[in-house]
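Undergrad: Under the numbering used here, the letters of the sequence shown match residues 769 to 890, in that order.
All C-beta atoms in this analysis are idealised placements derived from N, C-alpha and C, irrespective of residue type, glycine included.
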Amino acid sequence: MTPRSQPRLEDGSRPACTLLELGKQFLRLGCIGFGGPLAHVALLQQEIVQKRKWVTTDQFLKGFTISQVFPGPLSTQVAIYIGYRMYKVRGALITGCAFILPAFLLMIALTWIYFRYGMVPV
769 MTPRSQPRLE DGSRPACTLL ELGKQFLRLG CIGFGGPLAH VALLQQEIVQ
819 KRKWVTTDQF LKGFTISQVF PGPLSTQVAI YIGYRMYKVR GALITGCAFI
869 LPAFLLMIAL TWIYFRYGMV PV
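So this is what it looks like as structure tokens:
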């Protein structure tokens, strides 16, 4: 994606990263995030707001507040909000899928292992 084709944010500026960088970062966060939704939100805030400065603290808190209204895990909703804030629908889809993909694949693998070896006597 060339800089010219990047979307504009509400204030007229361009996103701080590419869509690929955004997806890779949320895939990484999905892999290392343990401890439940509030722990994930703290990790998101540390990585996205403090370290990378892709969104401001006010924008993050606004997304955190809005995300509490919707059903589902709070951390996933916050991740989707950040993606939407930066790249609209494409960003929301990328961040949402990238953030939950590691847990989804882990559950598929554990299910396969259970059905394959679950009936083996100990």
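What are the start and end residues of the alpha helix (DSSP H) that includes I850?
TA: Taking the first residue of the sequence shown as position 1, residue 850 is located at position 82. Start and end: L842 to Y885.
Undergrad: Identify, in the order they occur along the chain, each residue of the same chain with its Cβ nearer than 7 Å to the Cβ of L715, setting aside the five sequence neighbours on each side.
TA: Examination of residue 715 is not possible in this model, given that the chain is present from 769 through 890 alone.
Undergrad: Whole angstroms is fine: what's the gap from A871's alpha carbon to R782's?
TA: Position 103 of the sequence shown, counted from the first residue, corresponds to residue 871. Position 14 of the sequence shown, counted from the first residue, corresponds to residue 782. Roughly 31 Å between the two C-alpha positions.
Undergrad: Identify whether F832 lies in helix, strand or coil by the three-state DSSP scheme.
TA: Residue mapping note: residue 832 aligns to position 64 of the sequence shown, counting from 1. Here F832 sits in helix by DSSP.
Undergrad: Please name the residue, chosen from L788, V888, R884 and Q813, that lies closest to A847 on a Cα-to-Cα basis.
TA: Walking along the sequence shown from the start, residue 847 turns up at place 79. Out of L788, V888, R884 and Q813, Q813 has the C-alpha closest to the C-alpha of A847.
Undergrad: Rounded to whole angstroms, how far is the Cβ of G851 from the Cβ of L788, which I believe are closer than 8 Å?
TA: For the purposes of this step, residue 851 is identified with residue 83 of the sequence shown, where counting begins at 1. For the purposes of this step, residue 788 is identified with residue 20 of the sequence shown, where counting begins at 1. That belief does not hold up - the Cβ atoms of G851 and L788 are roughly 13 Å apart, past 8 Å.
Undergrad: Pick helix, strand or coil for K792, following the three-state DSSP scheme.
TA: The residue labelled residue 792 in the question sits at position 24 within the sequence shown. In this structure, K792 counts as helix in the three-state DSSP scheme.
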